[in-house]
Amino acid sequence: GCERRQPEPRKGRPPRRPAMAEPVPEPPPDASPKKRRVQSVLFMCNYNAVRSVAAEAIARAYFGKSTYVQSAGVRSGEPTDPFMIAALDEIGIDASRHRPRTIEELEDWEGLNFDLIITLAPEAHHRALALTHTLAADVEYWPTPDPTLVQDASREQRLEAYREVRDGLTRRIKARLKA
Numbered sequence: 006g007c008e009r010r011q012p013e014p015r016k017g018r019p020p021r022r023p024a025m026a027e028p029v030p031e032p033p034p035d036a037s038p039k040k041r042r043v044q045s046v047l048f049m050c051n052y053n054a055v056r057s058v059a060a061e062a063i064a065r066a067y068f069g070k071s072t073y074v075q076s077a078g079v080r081s082g083e084p085t086d087p088f089m090i091a092a093l094d095e096i097g098i099d100a101s102r103h104r105p106r107t108i109e110e111l112e113d114w115e116g117l118n119f120d121l122i123i124t125l126a127p128e129a130h131h132r133a134l135a136l137t138h139t140l141a142a143d144v145e146y147w148p149t150p151d152p153t154l155v156q157d158a159s160r161e162q163r164l165e166a167y168r169e170v171r172d173g174l175t176r177r178i179k180a181r182l183k184a
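To convert a position in the sequence shown, counted from 1, into the numbering used here, add 5.
Shown next, in the form of structure tokens:
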């Protein structure tokens, strides 16, 4: 069978009794690593022009008083996307002053002291995992479609792709960062 056999008592000694264990106190409900409150979060994507901009703006709008929020890209070269600015504006979030920055620029300006890095694109995820060799941050990958790929469509159809990204990020951010 599968039952564990009790070891034979050693000759010459009384059998050992298990020690009376003190009851283990229940950990507080927020003690597990996934549930502890995030105090600082970095959103990363490829250019810090579309997805991570939206994530930063949304997280600041809902959690900016209790959580330090930043975003950065793996590469530079793209301006903040006007479609994403418009999609955020529709829900009352102003991202018009955002200036794209790379992870290196952010590191030079203030260092990288984040509890959590959320990556929104595969390249950004690989870069974040490389960063964790020297940073004590949790990394989560949230595969997020790139709305800039919707090209041969009307302005309204393109904007709809940005709204879907915005709404998906809003749902995940609210669920993940709520205290």
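Yeah, the Cβ is synthetic: ideal placement off N, Cα and C, and Gly gets one too.
Query raised in the report: Under 8 Å, do Ala100 and Asn51 count as touching if we go by C-beta distance?
Result: In terms of Cβ geometry, Ala100 and Asn51 do not form a close pair [threshold 8 Å].
Query raised in the report: Would you report the Cα separation of Ala77 and Ile108, rounded to the nearest angstrom?
Result: 5 Å
**Report entry** As assigned by DSSP and simplified to three states, the class of Ser76
**Finding:** strand
Query - Three-state secondary structure assigned by DSSP to Glu31 - result: Low confidence applies to Glu31: its pLDDT is 48, below 50, so where it sits in the model is not reliable, and the reading given next is rough at best. Looking at Glu31 - three-state DSSP - the assignment turns out to be coil, as it is neither helix nor strand.
**Report entry** Beta-carbon contacts of Ala129 that lie in its chain and below 7 Å, excluding the five residues immediately before and after
**Finding:** Met49, Cys50, Asn51, Val79
Query raised in the report: When we look at the beta-carbon of Glu61 and count the other beta-carbons within 10 Å, is it buried (16 or more) or exposed?
Result: buried
Query raised in the report: For His103, which residues of its own chain have a beta-carbon under 6 Å away from its beta-carbon, when the five flanking residues on both sides are left out?
Result: Contacts found: Val58, Thr85.
Report task. Would you identify the three-state DSSP class for Lys107, choosing helix, strand or coil? Result -> Just to set this straight, residue 107 is Thr in the shown sequence, not Lys. In this structure, Thr107 counts as strand in the three-state DSSP scheme.
Query - Those runs of the alpha helix (DSSP H) which lie wholly inside the stretch 87 to 169 and span at least 4 residues - result: 87 to 94, 108 to 115, 127 to 136
Report task. Give the straight-line distance between the Cα atoms of Leu136 and Asp113, rounded to the nearest whole angstrom. Result -> Going by the C-alpha atoms only, they are around 14 Å apart.
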